Structure formats: structure tokens, C-alpha cells
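Chains as they are written, first to last, in our numbering: chain X, 28 to 141; chain P, 1420 to 1530.
Note that the Cβ used here is the ideal one computed from N, Cα and C, for glycine as well.
Computed from a predicted structure; not experimentally measured.
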């Protein structure tokens, strides 16, 4: 398996634009996580899914952020409208059976909002 | 509830040992340890589960004190390749799948 695949790897956008980040988890993994990493706040859990269903989105900063998982092999994180403070590295991770199995991280998307 | 890691940073010489601690204010089901090198994704090191089960690399050791809600990662005879930021991630008292990470401990190993 190629691991967790995220796209794009880098994204530069202007404030106010819509940004969509994509993730393909490892086949067969039931859990999918979206994390945001910044120097100030560390690695924050934004939302996670179990079997394509959002379980906990309490980490989503505000209504500008939304995430979907239409099927077992694809998830998106959308920011609309984007703001400079959204600049961060966004990681997607997947695991086989929740927190008693390891999480595999994608390479991340570095988002810069100017 | 985010777990708290200590120390925030460590500088070692090759061959020296280090301990990184992770504590939670809540009961824990599992503790994960990951290492992240600059510009890369976090990489799995170990899982410690309530009840004593451990999964991970043979060369990494860690402990999990369920009563104290604490875990420690032991890095012995450190090598240059051990440098990076170490994160502990915790799940609450049942297997919810929700993995919350601490703020990280930066380890630098010098020749």
C-alpha cells in the first residue's frame, strides 16, 4: 500500500478564497483523522471519522471549516473563506481500529494564506 | 484534554540516555508515541494499552502507569537519528479512537 496520500503538498492562496485539501487513507482502515499543526498550537485534532461517519468535530475551529468522507477511500477538508491564521500544515491520518492500533500519517499539506 | 509532556526540550550527546514523560488529567485507555523529523510526518513508535499490552518497535521502551495516568518513553544509548520532536497521543478511558497529542518534546542528539 502507498500509505496515506494527501494532495496538494503545498497550497498558497489569497485570503477569502476557498481551499480544499484531499486525503486518501490506507485501504481497509476504519478511522480517518484530520490534524492541523502550527508552532503555537502543536498538533491539533480537527475531526475524525469512523467508517465514513464523522464522530467528533469539536476541534474544528469555526464554521469556515468543513470535512466530508463520501466513501472509504476519500476525504476532504474545506476552508471557506480562508484567512491568514489558517496557515498551517494539515495532516490526514488513518488507523485500522481506533486507538489500539497505530495511526499512519500522510505527508501533509502546507497551506499558506496570504 | 491535551496531555502534558515534559521536558519541552532535551539536548544529548550520542550514547546518552533520555526520558520523556507524558501525563494526563483523565483516565487513559491508550498512550501512543510518535517521532517527527523536521518537514516530515509523525512516525509511529509505540502504543501502550490499558491492561499492560504494548505494541511497537523492539528498540524503543516505554512504560504506562494507569493509576497515575502517566507514560514515559525511554531512549537509551541515543544516536544522531533519534533527533526530532516526540509526541505522545492519548485516548480516554475507553477506545473511542480519538487521539489527542501533547505539545511535543524536542530532542537534539549531538556528536
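The shortest CA-to-CA distance from residue 1523 of chain P to any of P:1491, P:1514 and P:1511 is the one to P:1491.
A Cβ of chain P is located within less than 9 angstroms of the beta carbon of residue 134 of chain X.
Counting only unbroken stretches of 4 or more residues, no alpha helix (DSSP H) element lies wholly within the stretch 82 to 111 of chain X.
Under the 10 Å beta carbon count, residue 51 of chain X is surrounded by 16 or more other beta carbons and is classified as buried.
By the CB criterion at 9 angstroms, residue 60 of chain X and residue 1518 of chain P fall inside the cutoff. With respect to the C-alpha of residue 1495 of chain P, the residue from P:1506, P:1480 and P:1489 having the closest C-alpha is P:1480. Taking 3 residues as the shortest admissible run, the stretch 1445 to 1496 of chain P contains the following complete beta strand (DSSP E) segments, listed from N- to C-terminal end: 1449 to 1455, 1462 to 1468, 1473 to 1475, 1480 to 1484 and 1489 to 1494.
Rounded to whole angstroms, residue 1489 of chain P and residue 1468 of chain P show a C-alpha spacing of 12 angstroms. Taking a C-beta distance under 9 angstroms as the contact criterion, residue 1450 of chain P and residue 1509 of chain P qualify as a contact pair. Excluding sequence positions up to five before and after residue 102 of chain X, its CB lies within less than 6 angstroms of the CB of 50, 59 and 96, all in the same chain and listed in chain order. Note that the C-beta distance between residue 71 of chain X and residue 1520 of chain P is below 9 angstroms. Think of a sphere of 9 angstroms around the beta carbon of residue 1486 of chain P: no beta carbon from chain X falls inside it, the nearest being about 20 angstroms out. Note on geometry: alpha-carbon atoms of residue 79 of chain X and residue 125 of chain X lie some 13 angstroms from one another. With its beta carbon less than 9 angstroms from one in chain X, residue 1523 of chain P belongs to the interface. In the DSSP assignment, residue 1503 of chain P falls within the unbroken beta strand (DSSP E) covering 1503 to 1510. For residue 69 of chain X, the enclosing beta strand (DSSP E) stretches over residues 69 to 77. Considering only X:56, X:73, X:65 and X:30, the residue with the shortest C-alpha distance to residue 106 of chain X is X:73. C-alpha of residue 119 of chain X to C-alpha of residue 82 of chain X: approximately 15 angstroms in a straight line.
Counted as a single uninterrupted DSSP element, the beta strand (DSSP E) harbouring residue 64 of chain X occupies residues 58 to 65. Residue-level contact by beta carbon fails for residue 1423 of chain P and chain X, as no gap is shorter than 9 angstroms. For residue 82 of chain X, the C-beta contacts it makes with chain P under 9 angstroms involve 1515, 1516 and 1517, in order along the chain. For residue 1423 of chain P, the enclosing beta strand (DSSP E) starts and ends at 1423 to 1425.
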